[in-house]
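For the protein sequence lines, the chains are H and R, in the order given. According to the numbering used here, the first sequence is numbered sequentially starting from 1. According to the numbering used here, the second sequence is numbered sequentially starting from 1001. From the three backbone atoms N, C-alpha and C, an ideal C-beta is built for every residue, glycine too.
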Amino acid sequence: AQSVTQLDSQVPVFEEAPVELRCNYSSSVSVYLFWYVQYPNQGLQLLLKYLSGSTLVKGINGFEAEFNKSQTSFHLRKPSVHISDTAEYFCAVSLPTGGFKTIFGAGTRLFVKA
Amino acid sequence: EPEVTQTPSHQVTQMGQEVILRCVPISNHLYFYWYRQILGQKVEFLVSFYNNEISEKSEIFDDQFSVERPDGSNFTLKIRSTKLEDSAMYFCASSYAGTINEQFFGPGTRLTVL
């Protein structure tokens, strides 16, 4: 079975500081990897994805993530955060077979302080 | 830019009543999904649907739930007899055959069961 673990439930950080949100996954088959952001009272917005190719993936809003197959990790990073980045961030994996479902982590609440 | 839409945005119902949540996927997408997010918890897969049949369903998706694509544009989730624990945000998603695993999510329907 596949699972996604987000190692931090909350990450407080000051504005303009760098941030890393950690994600590890477990799967016996190859998966595709995603990060989604959810702003308060809104739906899920895709930040970035890793399907194949370069392990460093760049997304919207200045975020990037690096796929590390040996460590089964897909950590999200941003060099300088803004107040507007305050949101819930979900790491997710999608299976290449069957019903193609997406499995989400529990989420990390990023709180950017002035 | 095409997007997934969902109606209503908020549905309040009495326990035991039937509800139908509606989704309009992106027009050239062929794979459709429902997920739910209980308040404060992670997003959970319910069901995937392709070629007018269920591809995969989770253990949450019991006999009280059903999905249908009644016409060429809508995709619905029906809960026959709602329970208090069905209160959640329900997200519809769709994907294109060429990039099956990249799912586009709608804004969600908040279901409140009283």
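What residue from the options has the CA that sits closest to residue i's CA?
i        : options                                   : result
F104(H)  : F90(H), V112(H) and A114(H)               : F90(H)
E1085(R) : C1092(R), V1113(R) and T1109(R)           : V1113(R)
P112(H)  : V4(H), V11(H) and L56(H)                  : Checking the sequence shown, residue 112(H) turns out to be Val, not Pro. It is V11(H) whose Cα lies nearest to the Cα of V112(H).
E1001(R) : P1025(R), E1053(R) and G1040(R)           : P1025(R)
T1005(R) : Q1011(R), S1027(R), V1012(R) and T1013(R) : S1027(R)
L51(H)   : Q38(H), H82(H) and L33(H)                 : L33(H)
F74(H)   : V31(H), T86(H) and F14(H)                 : V31(H)
F14(H)   : E88(H), S80(H), S27(H) and K101(H)        : S80(H)
L21(H)   : A87(H), N41(H), G53(H) and Q2(H)          : A87(H)
Q42(H)   : H1010(R), E1044(R) and Q1064(R)           : H1010(R)
Y1096(R) : F1075(R), Y1050(R), I1079(R) and T1082(R) : Y1050(R)
E146(H)  : S27(H), T55(H) and G59(H)                 : Nothing about residue 146(H) can be read from this structure; chain H reaches only from 1 to 114.
P1008(R) : V1019(R), Q1014(R) and M1015(R)           : V1019(R)
G53(H)   : N68(H), E16(H) and P40(H)                 : N68(H)
How close, in whole Å, do the beta carbons of residue i and residue j come, if the pair is a contact with beta carbons under 8 angstroms?
i        : j        : result
L1046(R) : I1060(R) : 6 angstroms
V93(H)   : Y36(H)   : Actually they do not touch by this definition, with Cβ atoms about 12 angstroms apart.
R77(H)   : V19(H)   : 7 angstroms
F1091(R) : L44(H)   : 6 angstroms
S1048(R) : K101(H)  : 6 angstroms
Can you give the Cα-Cα distance for residue i and residue j, rounded to whole angstroms?
i        : j        : result
N61(H)   : L47(H)   : 8 angstroms
T97(H)   : V29(H)   : 10 angstroms
L1030(R) : G99(H)   : 12 angstroms
K49(H)   : F1104(R) : 12 angstroms
D1062(R) : G1106(R) : 23 angstroms
I1038(R) : M1089(R) : 6 angstroms
V4(H)    : K1042(R) : 11 angstroms
S1094(R) : Y1033(R) : 6 angstroms
G1040(R) : A106(H)  : 9 angstroms
V57(H)   : Q6(H)    : 18 angstroms
T1109(R) : Y1035(R) : 11 angstroms
I83(H)   : F63(H)   : 14 angstroms
Q119(H)  : G59(H)   : No information on residue 119(H) is available, as it lies outside the stretch 1 to 114 that chain H covers here.
E1053(R) : Q1064(R) : 17 angstroms
S9(H)    : K1057(R) : 28 angstroms
E1068(R) : F1075(R) : 6 angstroms
Residues of chain C with CB closer than 7 angstroms to the CB of residue i, please, in chain order.
i      : result
Q42(H) : As a matter of chain content, chain C is missing from the structure shown, whose protein chains are H and R.
Could you name the residues of chain R that residue i contacts, counting a contact when the two beta carbons are closer than 7 angstroms?
i       : result
I103(H) : F1045
K49(H)  : E1102
Residues of chain R with CB under 9 angstroms from residue i, in chain order?
i       : result
A106(H) : Q1041 and K1042
For residue i, return the contacting residues in chain H, with the cut-off set at a CB-CB distance below 8 angstroms.
i        : result
F1091(R) : G43 and L44
G1031(R) : It is Tyr, not Gly, that sits at residue 1031(R) in the sequence shown. Residues of chain H passing the Cβ test: F100.
Whose Cβ in chain H lies nearer than 9 angstroms to the Cβ of residue i?
i        : result
S1066(R) : Going along chain H, no residue has its Cβ under 9 angstroms from S1066(R), so there is no contact; the nearest lies around 16 angstroms.
Give the residues of chain R in contact with residue i, contact being defined as C-beta atoms less than 8 angstroms apart.
i      : result
F74(H) : Per Cβ cutoff of 8 angstroms: no residues; F74(H) is ~14 angstroms from chain R at best.
F90(H) : K1042 and V1043
Output, in chain order, the set of chain H residues within a Cβ distance shorter than 7 angstroms of residue i.
i        : result
S1119(R) : With chain R covering 1001 to 1114 only, the question about residue 1119(R) has no answer from this structure.
S1087(R) : Here the premise fails: no neighbours, minimum Cβ distance about 16 angstroms.
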